[in-house]
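Chemist: Encoded as structure tokens, here's the structure I'll be asking about.
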């Protein structure tokens with residue numbers, strides 16, 4: 002019998018304004034057994050979901066959104082104690098305290114899944130064995 006650890010991250014909000022990226026991420030996450038609470042493309046929609054979602058464990062937040070910044074989304078998530086993983090072209094150095102880490106675009110489905118598994122380990126208080134390429138773990142969040 003193989004024993005698998007219980008995931009700390011089960012319910013994910015995707016905040017992404019590139020439709021193809023958002024769709025691909027949503028499909029991959031569902032196929033991997035995660036529940037996608039919502040997929041939104043604006044700061045305001047993200048804040049609304051964060052404020053009302055009964056269960057939310059992780060926000061995948063792009064930084065550049067049509068109506069503002071994923072930084073605002075990360076701040077709202079932080080106020081609710083929800084982990085954030087920035088998924089963006091350029092990781093924000095000055096806002097590291099708002100997220101567990103950052104995954105630089107472009108990335109593959111496999112790398113996104115590995116980054117989420119690394120964040121899951123951090124949330125459970127365990128060490129990250131191997132970070133995938135393009136993923137930066139922010140020490141401040143640990």
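In the numbering used here, the protein residues as written are 2 to 143.
Yeah, the Cβ is synthetic: ideal placement off N, Cα and C, and Gly gets one too.
Return the CA-CA distance between residue 56 and residue 26, expressed in angstroms with no decimal places.
Modeler: 19 Å
Chemist: What does a CB cutoff of less than 8 Å around residue 90 pick up in its chain, not counting 5 residues either side in sequence?
Modeler: Here the set comprises 64, 65, 105, 106.
Chemist: For residue 100, which residues in the same chain have their Cβ closer than 7 Å to its Cβ, ignoring the five residues on either side in sequence?
Modeler: 75, 85, 86, 87, 139, 142
Chemist: Just curious, the beta strand (DSSP E) that residue 62 is in, first and last residue?
Modeler: 59-62
Chemist: Have a look at 67, 97, 98, 102 and flag the residue whose alpha-carbon is nearest the alpha-carbon of residue 19.
Modeler: 67
Chemist: Using only CA atoms, which one of 11, 49, 21 lies nearest to residue 37?
Modeler: 11
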